[in-house]
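Novice: For the sequence shown, our numbering puts the final residue at 386, and the numbers step up evenly by one. Cβ coordinates follow ideal geometry from the N, Cα and C atoms, glycine included. Here it is, the structure in full.
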Amino acid sequence: MLTAGFLYTCALFLAGLAFGSFLNVCITRIPRDESVVRPGSHCRACGAPIRWWHNVPVLGFLVLRGRCRDCGSPISLRYPAVEVLTAVVFAACYPWFGPTWMTLKFCVFGFLLVGLIFMDAETGLLPHEFTYPGIVLGLAFAWVAPGDSSGTWLLLLLFQKHVENVRALALLDSAAGALVGAAFFYFAWAVYWLVRKRHGLGFGDVALIAMTGAFLGLKLNLVVLVCGPILTLMYAIVLLIREAVRPRPTVPTDEGLAASTVSTETLAHGREVVASAQPESPQAAAPRQTETMGDADAAPDYEEEPPFLQRELPFGVFLGICALGTIFFGEAAWAWYLGRFHSSVLAMVQSYEGAHLRVRH
Ligand SMILES: [Zn+2]
Numbered sequence: 026m027l028t029a030g031f032l033y034t035c036a037l038f039l040a041g042l043a044f045g046s047f048l049n050v051c052i053t054r055i056p057r058d059e060s061v062v063r064p065g066s067h068c069r070a071c072g073a074p075i076r077w078w079h080n081v082p083v084l085g086f087l088v089l090r091g092r093c094r095d096c097g098s099p100i101s102l103r104y105p106a107v108e109v110l111t112a113v114v115f116a117a118c119y120p121w122f123g124p125t126w127m128t129l130k131f132c133v134f135g136f137l138l139v140g141l142i143f144m145d146a147e148t149g150l151l152p153h154e155f156t157y158p159g160i161v162l163g164l165a166f167a168w169v170a171p172g173d174s175s176g177t178w179l180l181l182l183l184f185q186k187h188v189e190n191v192r193a194l195a196l197l198d199s200a201a202g203a204l205v206g207a208a209f210f211y212f213a214w215a216v217y218w219l220v221r222k223r224h225g226l227g228f229g230d231v232a233l234i235a236m237t238g239a240f241l242g243l244k245l246n247l248v249v250l251v252c253g254p255i256l257t258l259m260y261a262i263v264l265l266i267r268e269a270v271r272p273r274p275t276v277p278t279d280e281g282l283a284a285s286t287v288s289t290e291t292l293a294h295g296r297e298v299v300a301s302a303q304p305e306s307p308q309a310a311a312p313r314q315t316e317t318m319g320d321a322d323a324a325p326d327y328e329e330e331p332p333f334l335q336r337e338l339p340f341g342v343f344l345g346i347c348a349l350g351t352i353f354f355g356e357a358a359w360a361w362y363l364g365r366f367h368s369s370v371l372a373m374v375q376s377y378e379g380a381h382l383r384v385r386h
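Shown next, in the form of structure tokens:
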């Protein structure tokens with residue numbers, strides 16, 4: 026039987042496909058500083074415009090069998106993947122949050138997160154075109170759709186303070202989530218800089234955690250703050266194992282050795298330099314490398330893989346994945362953690378839930 030809830034979920038799925046399609050344009054163009062409006066969709070290889078019926082989300086990709094109709098060059102699987110992922114996130118919001126502002130809030134948040142995950146994965150950039158408006162939207166949605174603000178409520182309780190207005194408390198909680206997240210990363214970045222004299226995080230990561238904090242609030246952003254680094258560490262361990270089992274190349278020549286030092290040094294200057302060198306043409310990237318090397322003749326060898334941990338770990342990707350999971354399972358993660366280790370704190374949180382009118386549902 027077709028219930029209204031099922032129809033809404035389907036409608037959100039279709040909307041997700043459409044927004045995912047637009048997101049693909051953003052992912053391809055924003056890191057390259059291109060307009061997302063003009064020109065219309067075209068093949069990145071041959072420049073031929075894409076017919077509207079081939080631009081239908083997922084179906085267009087299937088009809089074309091993943092190849093450009095004009096030049097036959099392959100279309101990245103990223104296109105249908107982003108469309109389906111956005112659609113799934115949108116559709117999942119309805120059963121979770123019902124016909125409330127919360128559904129809209131987390132659709133917007135999911136849209137931004139999927140975009141940032143893929144942009145970071147492809148270019149190593151977390152463009153502020155997404156993160157800064159994200160922070161503002163997160164704060165605005167806290168006022169419009171106040172959620173669970175128990176993190177800030179508990180914090181205020183420690184100082185014997187109360188905020189009675191549910192919206193004001195939610196806005197405070199959103200700001201607290203953003204500030205605590207950003208401060209924590211900024212502190213980690215500063216320590217790393219002092220110890221190793223190079224960037225461990227990009228500024229994009231700081232903006233991203235501020236954005237997730239603004240949307241999720243203080244309590245749930247702590248889940249992202251803990252799980253993001255754990256997931257990145259697990260990925261690093263996988264890379265380390267892969268590195269260990271890979272057969273060693275023979276002793277490098279002097280030239281090869283020099284080249285690898287150069288690429289390491291370029292990487293050491295952080296995500297911004299490396300990332301900005303990628304989408305541009307080699308000629309545009311060249312002057313910056315000359316700066317770091319001081320020798321115009323030696324060409325850096327990007328084919329050579331830099332040694333482990335000198336390579337950038339896509340931290341933003343893992344933060345984004347954790348934030349997506351936290352939308353749906355953050356509360357469950359907290360309940361599990363508190364129930365397991367801190368039943369007394371759980372009792373306090375439950376007293377909050379009882380004391381305040383629940384706006385959700
Ligand atoms: Zn083409």
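From 346, 83, 51, 239, pick the residue whose C-alpha is nearest to that of residue 260; which is it?
Specialist: Reading the sequence shown from its first residue, position 235 is the one you call residue 260. Considering only alpha carbons, the answer is 346.
Novice: According to the neighbour-count rule (16 or more other Cβ atoms, all chains shown, within 10 Å of its Cβ), is residue 302 buried or exposed?
Specialist: Position 277 of the sequence shown, counted from the start, is the residue given in the question as residue 302. Because the pLDDT at residue 302 is just 38, under 50, the model does not fix this residue reliably, and the value given afterwards should be weighed accordingly. It is buried - the Cβ of residue 302 has at least 16 other Cβ atoms within 10 Å.
Novice: Can you grab the Cα-Cα spacing for the pair residue 227 / residue 41, in whole Å?
Specialist: Numbered from 1 along the sequence shown, position 202 holds the residue referred to as residue 227. Numbered from 1 along the sequence shown, position 16 holds the residue referred to as residue 41. Going from the Cα of residue 227 to the Cα of residue 41 covers about 29 Å.
Novice: Tell me whether residue 124 is buried or exposed, calling it buried when 16 or more other Cβ atoms sit within 10 Å of its Cβ.
Specialist: Position 99 of the sequence shown, counting from 1, holds the residue named residue 124. Residue 124 comes out exposed.
Novice: Would you list, in sequence order, the uninterrupted alpha helix (DSSP H) runs of no fewer than 4 residues that lie entirely inside the region 101 to 172?
Specialist: Whole alpha helix (DSSP H) segments, 4+ residues: 103 to 122, 126 to 148, 153 to 169.
Novice: Evaluate residue 234 with the Cβ neighbour count: other Cβ atoms within 10 Å of its Cβ, from every protein chain shown; 16 or more gives buried, anything less gives exposed.
Specialist: The count along the sequence shown starts at 1 and reaches residue 234 at position 209. Per the 10 Å Cβ criterion, buried.
Novice: Per DSSP, residue 67 forms a beta bridge with which residues?
Specialist: As a first step, residue 67 is located in the sequence shown; it is residue number 42 there, counting from the start. DSSP, once it has assigned bridges, lists 74 as partnering residue 67.
Novice: Rounded C-beta distance between residue 92 and residue 82? I'm assuming under 8 Å.
Specialist: The residue labelled residue 92 in the question sits at position 67 within the sequence shown. The residue labelled residue 82 in the question sits at position 57 within the sequence shown. At roughly 17 Å, the Cβ-Cβ gap does not stay under 8 Å, so residue 92 and residue 82 are not in contact.
Novice: Between residue 196 and residue 167, is the Cβ-Cβ spacing less than 8 Å?
Specialist: For the purposes of this step, residue 196 is taken as residue 171 along the sequence shown, with counting starting at 1. For the purposes of this step, residue 167 is taken as residue 142 along the sequence shown, with counting starting at 1. Going by C-beta atoms, residue 196 is nearer than 8 Å to residue 167.
Novice: How about residue 104 and residue 34: are their beta carbons less than 8 Å apart?
Specialist: As a position in the sequence shown, residue 104 is number 79, starting the count at 1. As a position in the sequence shown, residue 34 is number 9, starting the count at 1. No.
Novice: With DSSP collapsed to three states, give me the class of residue 192.
Specialist: In the sequence shown, counting from the first residue as 1, residue 192 sits at position 167. Of the three classes helix, strand and coil, the one that applies to residue 192 here is helix, per DSSP.
Novice: Rounding to the nearest angstrom, what Cα-Cα distance links residue 107 and residue 136 in this structure?
Specialist: Taking the first residue of the sequence shown as position 1, residue 107 is located at position 82. Taking the first residue of the sequence shown as position 1, residue 136 is located at position 111. Computed Cα separation, rounded: 10 Å.
Novice: Using CA coordinates, which residue listed in 194, 95, 184 is at the minimum distance from residue 169?
Specialist: In the sequence shown, residue 169 corresponds to position 144, counting from 1. It is 194.
Novice: Using 7 Å as the cut-off, classify the Cβ of residue 70 as near or not near the heavy atoms of ligand 1, replying yes or no.
Specialist: Within the sequence shown, residue 70 is the residue found at index 45, counting from 1. Yes - ligand 1 has a heavy atom lying nearer than 7 Å to the Cβ of residue 70.
Novice: I'd like to check one pair, residue 349 with residue 102: are the Cβ atoms closer than 8 Å?
Specialist: The residue labelled residue 102 in the question sits at position 77 within the sequence shown. The residue labelled residue 349 in the question sits at position 324 within the sequence shown. No, the pair does not count as a contact, with Cβ atoms beyond the cut-off.
Novice: From the DSSP output, read off the bridge partner residues of residue 99.
Specialist: Reading the sequence shown from its first residue, position 74 is the one you call residue 99. According to DSSP, residue 99 bridges with 92.
Novice: Would you kindly report the start and end of the unbroken alpha helix (DSSP H) that includes residue 55?
Specialist: Within the sequence shown, the letter at position 30 stands for residue 55. Per DSSP, residue 55 belongs to no alpha helix (DSSP H) and is neither H nor E.
Novice: Between the region 254 to 271 and the region 214 to 221, do at least 3 Cβ pairs fall closer than 8 Å?
Specialist: They do not touch, by the three-pair rule.
Novice: For residue 365 and residue 184, what's the separation of their Cα atoms in angstroms?
Specialist: Taking the first residue of the sequence shown as 1, we reach residue 365 at position 340. Taking the first residue of the sequence shown as 1, we reach residue 184 at position 159. So the two alpha carbons sit approximately 26 Å from each other.
Novice: Would you say residue 115 and residue 37 are within 8 Å of each other, going by their C-beta atoms?
Specialist: On the sequence shown, residue 115 is found 90 positions in, with the first residue counted as 1. On the sequence shown, residue 37 is found 12 positions in, with the first residue counted as 1. Result yes, Cβ atoms of residue 115 and residue 37 sit closer than 8 Å.
Novice: Tell me the DSSP secondary structure of residue 248 in three-state form.
Specialist: As a working mapping, residue 248 is identified with position 223 in the sequence shown. Note: residue 248 maps to helix in three-state DSSP.
Novice: Quick check on the DSSP output: the alpha helix (DSSP H) that includes residue 227 runs from which residue to which?
Specialist: Reading the sequence shown from its first residue, position 202 is the one you call residue 227. Neither: residue 227 is in no alpha helix (DSSP H) and is coded neither H nor E.
Novice: Excluding the five sequence neighbours on either side, which residues of its own chain have a C-beta within less than 7 Å of the C-beta of residue 377, listed in chain order?
Specialist: Looking up residue 377 in the sequence shown gives position 352. Within the same chain, residue 377 has close Cβ partners 175, 178.
Novice: Work out the CA separation of residue 337 and residue 288 for me, nearest whole Å.
Specialist: Stepping through the sequence shown from its first residue, residue 288 is reached at position 263. Stepping through the sequence shown from its first residue, residue 337 is reached at position 312. Legend: pLDDT at residue 288 = 43, less than 50; position of this residue unreliable, no value from coordinates given.
Novice: Using the C-alpha atoms, what's the distance from residue 53 back to residue 148?
Specialist: Here residue 148 is taken as the residue at index 123 of the sequence shown, counted from 1. Here residue 53 is taken as the residue at index 28 of the sequence shown, counted from 1. Using only the alpha carbons, I get a separation of about 10 Å.
Novice: Is residue 82 helix, strand or coil when you go by DSSP?
Specialist: Start at 1 with the first residue of the sequence shown, and residue 82 comes out as number 57. Residue 82: coil per DSSP, three-state reduction.
Novice: Given a threshold of 16 other Cβ atoms within 10 Å of its Cβ, counted over all protein chains shown, does residue 246 qualify as buried or as exposed?
Specialist: The residue you call residue 246 lines up with position 221 of the sequence shown. Label assigned to residue 246: buried.
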